[in-house]
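**Q**
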Amino acid sequence: MSRSTAAALRSDATVHDAEDLDAAVAAVRDQVGWAPEMALILGSGLGRLAEAAHDTTVVSTTDIPHYPTSTVEGHSGTLVFGTLEASRVVFVQGRVHLYEGYPVQQVAMPVRLVHALGADRMLVTNSAGGINRTFEPGTLMFITGHLNMAFASPGVGAGAEPARAHENAAAFYDPAWTTRAEQVAVDLGLEARRGTYAWTLGPNYETKAEVRALEHLGADAVGMSTVPEVLQAHRLGMTVLGLSTITNPAAGLAAGALDHDEVLEVSERVRGDLMELVRGIVRVADE
Ligand code: HPA
């Protein structure tokens with residue numbers, strides 16, 4: 465491809481993207497007159513965490529042009545803008561997954577939206593299967609690294625360039641915020657661990673052989689989300705904290721089959737603890 469064709473493609477892609485994003489931003493601003501400082505992306509069964517916010521304005525994602533619509537039980541499609549621990553935040557209840565058939569750029573679109581609205585911090589939560597054998601269901605895990613086993617990135621596209629050197633060198637999960645969040649967990653008497661999260665495509669749970677392989681590769685937990693949002697946030701220069709709830713032993717590590725109801729049940733059980741932890745995480749974000 466000639467240089468000029470590549471440049472044309474690049475600028476074409478960017479203009480469309482920017483216009484789409486502008487339309488989405490405008491639709492939200494019609495309903496919300498202030499800018500969030502932080503976004504909280506809520507995982508399976510964790511949507512109710514948004515109930516802790518006050519002075520809320522709820523925006524249905526169906527009112528936002530170009531917003532991908534979630535089709536999974538436990539993921540309602542709303543953005544809840546409100547105040548939590550004196551911070552202006554937006555809860556994203558309506559994450560979409562790569563396995564729903566959206567291009568990975570669309571999966572990451574909510575992150576671009578909240579960033580364009582003003583958020584420069586992101587707490588991303590998920591439910592995950594435990595691979596580390598010491599992580600019982602109910603364990604909370606701060607994500608300190610990830611394995612991208614879906615081999616996809618929202619950065620891929622016409623005109624994409626390798627990340628700049630400082631992007632590669634920087635931690636995807638902010639070490640300082642993570643350390644402060646860990647202290648919050650200790651103060652609350654919660655057992656929170658650190659670990660590596662493996663992102664798999666889904667929607668099927670992993671095979672036993674895959675779980676064995678992931679264990680060898682160094683994964684502590686496995687799930688079907690989070691990494692696309694984190695890659696996108698990192699590209700945008702946002703400060704990120706990742707928090708998994710271990711809802712089940714990963715396939716083959718315990719007797720019986722896995723199902724989504726079990727995931728929702730454990731998320732429900734830890735919701736009180738998680739809510740307190742999330743409040744603390746928001747409180748210490750800027751310290
Ligand atoms: N595997 C993948 N995703 C998950 C799991 C799991 O075991 N539990 C919750 N989300």
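Position one of the sequence shown corresponds to residue 465 (my numbering), numbered consecutively onward. Glycine is no exception: its CB is placed at the ideal position from the N, C-alpha and C atoms. None of these values were measured; they are calculated from a predicted model.
Touching or not, the stretch 513-528 and the stretch 542-549, by the rule of three or more beta carbon pairs under 8 Å?
**A** Cβ pair count under 8 Å is three or more, so yes.
**Q** Taking 7 Å as the cut-off, is the C-beta of T711 nearer than that to any heavy atom in the ligand HPA?
**A** Yes, the beta carbon of T711 sits closer than 7 Å to at least one heavy atom of the ligand HPA.
**Q** If contact is defined by three or more beta carbon pairs under 8 Å, each pair taking one atom from either stretch, is the stretch 715-732 in contact with the stretch 646-661?
**A** Verdict: no, contact absent.
**Q** With C-beta atoms as the reference, is Y563 less than 8 Å away from I607?
**A** In this structure, I607 does not lie closer than 8 Å to Y563 by Cβ.
**Q** Exposed or buried, D494, counting other C-beta atoms within 10 Å across all chains shown (16 or more means buried)?
**A** Per the 10 Å Cβ criterion, exposed.
**Q** Could you compute how far the alpha carbon of G701 sits from the alpha carbon of A624?
**A** Each residue's alpha carbon lies about 17 Å from the other.
**Q** Determine contact between the stretch 679-692 and the stretch 654-668, defined as no fewer than three beta-carbon pairs at a distance below 8 Å.
**A** Segments in contact, yes.
**Q** Within the stretch 604-666, note down every full alpha helix (DSSP H) run reaching 4 residues or more, in order along the chain.
**A** Segments of the alpha helix (DSSP H) lying fully in the stretch 604-666: 629-633, 639-651.
**Q** Beta-carbon within less than 7 Å of I745's beta-carbon, same chain only, minus the 5 sequence neighbours each way: which residues are those?
**A** Cβ within range, chain order: L587, A645, V648, L705.
**Q** Indicate whether the contact test is met: 3 or more Cβ pairs, each with one atom in the stretch 707-718 and one in the stretch 574-583, closer than 8 Å.
**A** Contact fails: fewer than three Cβ-Cβ distances are below 8 Å.
**Q** Which value, in whole angstroms, describes the spacing of the CA atoms of E740 and K672?
**A** E740 and K672: Cα-Cα distance of roughly 34 Å.
**Q** Under a three-way DSSP split, which group does D750 fall into?
**A** Coil, per DSSP.
**Q** Is the distance from the Cβ of P618 to the Cβ of V571 below 8 Å?
**A** Yes, these two residues count as a Cβ contact at 8 Å.
**Q** Does the Cβ of A490 have 16 or more other Cβ atoms within 10 Å, making it buried, or fewer, making it exposed?
**A** It is exposed - the Cβ of A490 has fewer than 16 other Cβ atoms within 10 Å.
**Q** To the nearest angstrom, how far is the alpha carbon of F555 from that of E655?
**A** Each residue's Cα considered, the two are about 24 Å apart.
**Q** List the residues that DSSP assigns as beta-bridge partners of F555.
**A** BP columns for F555 point to L504, V544.
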